[in-house]
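For the sequence shown, my numbering gives the first residue as 31, with consecutive numbering after it.
The beta carbon of each residue, even a glycine, is placed where N, CA and C say it ideally should be.
This one's a predicted model, so the numbers in the text were calculated from it and none came from an experiment.
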Amino acid sequence: MKFPLSKTKRMIYARKIKGFSEDFFSHRTGIAGLILIIFFVAIALLSPYLSPYDPYRLPKVAKVFAPPVWVTLFPGFEGLNPTLEYPLTWSFTQNTSFISIKPLQKESEIFYDNEGIESAPQTIESTLTYQYTYKPPPSFVFDAWFRATNVTNTRYVIQFLIKTPEGKYFIISERNSTRSEKYAIPISSPVPSRSDDADFRIYFVARNFEGFEILLSTNPLDRIKKEYLEKRDVAVKVDPCAVIFEKPGEYDFILRLTFRPIDTEKRASATVSIVTYQERVASFKIEGHVHGILGTDYRGRDVFSQIITGARISLLVGIASAILSVSMGIIVGVTAGYISGFVDEALMRIVDILLCLPALPILLALVSIWGPNILYIIILIAIFGWQGLSRVIRSRVLSLKEMFFVESARASGASTSYIIMRHIVPNVMPIAISALILAVPGAILTEATLSFIGFGDPTIPTWGRLLNEAQQTGAFARLAWWVIFPPGIAISILCLGFILIGHAIDEVLNPRLRRRR
């Protein structure tokens, strides 16, 4: 195998790398910073596996501003429920001669066929029993879907009920219809029936229900039957979670199907299937008072998933902006220092103008014009981050080009590009590397600042956006520290890691700062 470098050069570079490693790892601050950076890089690389939810399509998993689940270890938080999800795999049993059941892998088909022999309603049901051992939850969600085909002269009623340990029954959702439904229809979000004998129904618990529902007064008989509270025909607030899940114990989840012929003298038939929807099976989810490692935000979304993804975005913004800004600083500094004359004067005046401009207000104006896109933000941060480095590199180049080895190369006929690439750039790289590492924290803080004041990319979960949402939605007033402290601490620790590494590298590469050993 042929190497691009000669054996002698490879030995020289290996010796330099070994010496740099020995010097760097003799600095405790550098080792500490490297450990911190490795930790965040590992989180960024493993974020798709560490995040329990899709960070770009976060669902509501618990109540708004739910604290972390581990707070239940402390007094005052005992008995608070985490988010629980119970799968509802229905298993029906045939109990009439007019109903037959065809179980499938994830679905069930129920066939009703009445030749006009029986006029009484025919009912089957399936019961699942689960244990609930916490205080009343803030809300719950019921998801199930059905399909009805070949409905002839039949009214079918699908009900989902909960039976409490005390033996009370609560109708959570109900679907009453006489029509065929070609597509999957949610049982959990029913629509009012169009039949003449059906009154507008107010369901005890609707999907995505938040703690209480205003129950509008309708038919008093329905109120008595469903144990509703009614006073003077006015709206009444009730907490169904406190009523249904009043005590810990065994709860029965019941799915009940009832078929009844409309005209008792004619044949009645229907096929009702309890189906899946987009690979989702029926479930009953109890949203938690507490959730996960870092709780939830103002929308009930998992904070831990956003923190994990924010590490990837912060590293991307910081490293990309630092590389761009340092590259621009090297190009401008080397060009101005080596060519000198009019080019040097023009470039330095441009640098002076950019240094005098207020960077943050201009960033805000440009972001508002171009739009809060993460790519634009990276470029804008880089544009305002290279001026100081270009001046440092220029001064270094001015001294380098007067040195003997550069004069010898120029006298031997070497081109300007050769001298710059072989002699100038390698000698300014120690300054550039140190500046690159120290530029990352500034870029991370700038992006976090833009996001915090509302000019960040709204489509990407960044740490600054988390702080912005916390400030805008009252997290400080609610003392929701799990939304405030984690992103702030993450920003501080990540920046600290780069600063520690930068100072260690600066001491190793800068002869004036190198300590005696």
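Considering Ser438, what are the terminal residues of the alpha helix (DSSP H) in which it resides?
434 to 441
Can you look up Lys212 in the DSSP assignment and give me helix, strand or coil?
strand
Terminal residues of the beta strand (DSSP E) in which Ser303 lies
298 to 305
To the nearest angstrom, how far is it from the Cα of Glu276 to the Cα of Pro166?
6 Å
Secondary structure at Leu526, three-state DSSP: helix, strand or coil?
helix
How many Å lie between Leu390 and Ala478 at the Cα?
12 Å
Considering Val362, what are the terminal residues of the alpha helix (DSSP H) in which it resides?
333 to 369
Exposed or buried, Leu468, counting other C-beta atoms within 10 Å across all chains shown (16 or more means buried)?
buried
Straight-line CA distance for Thr248 to Ile519?
Any reading at Thr248 is ruled out, since the residue's pLDDT is 39, under 50, leaving its predicted position unreliable.
Have a look at Ile61 and Gly527 and give me their C-alpha separation to the nearest angstrom.
9 Å
Less than 8 Å between the C-beta atoms of Val470 and Ile360, yes or no?
no
So for Gly49, helix, strand or coil by DSSP?
helix
What is the rounded straight-line gap between the Cα of Phe434 and the Cα of Gly472?
37 Å
Give me the DSSP bridge partner(s) of Tyr17.
The chain is shown from 31 up to 547; residue 17 falls before or after that span and cannot be answered.
Rounded separation between Val46 and Leu539 - CA only:
The sequence as given places Lys at residue 46; Val does not occur at that position. About 11 Å.
When Arg508, Thr184, Leu430 are compared against Ile449, the one with the closest alpha-carbon
Leu430
Three-state secondary structure (DSSP) at Leu324?
coil
Roughly how many whole angstroms lie between the Cα atoms of Asn206 and Cys271?
24 Å
Inter-residue Cα distance where the pair is Thr38 and Lys48
15 Å
Under 8 Å between the Cβ atoms of Ser420 and Gly363?
yes
CA-to-CA distance, Thr208 to Tyr83, given in whole angstroms:
40 Å
May I have the straight-line CA-CA distance separating Thr339 from Ser81, to the nearest angstrom?
8 Å
Please report how far the alpha carbon of Gly486 lies from the alpha carbon of Ala462, in whole angstroms.
28 Å
Measure the beta-carbon distance from Ile531 to Ile67 and round it to whole angstroms, keeping in mind my assumption that it falls under 8 Å.
7 Å
Give the DSSP-derived three-state secondary structure of Glu295 in the structure shown.
coil
Assign Asn457 to one of three DSSP states: helix, strand, or coil.
helix
Could you tell me the distance, in whole angstroms, from the CA atom of Pro98 to the CA atom of Gly109?
13 Å
Cβ atoms of Ile343 and Thr492: under 8 Å apart, would you say?
yes
Less than 8 Å between the C-beta atoms of Leu345 and Val333, yes or no?
no
Quick one: what does DSSP say Ala473 is sitting in, helix, strand or coil?
helix
Tell me the DSSP bridge mates of Phe170?
Ile316
Ile131 to Arg495, Cα distance in whole Å?
52 Å
Use the C-beta contact count for Tyr368: other C-beta atoms within 10 angstroms, 16 or more gives buried, fewer gives exposed.
buried
Assign Thr301 to one of two classes, buried (16 or more other C-beta atoms within 10 Å of its C-beta) or exposed (fewer than that).
buried
Between the beta-carbon of Ser156 and the beta-carbon of Phe122, is there less than 8 Å?
yes
N-terminal and C-terminal residue of the alpha helix (DSSP H) that Ala389 is part of:
389 to 400
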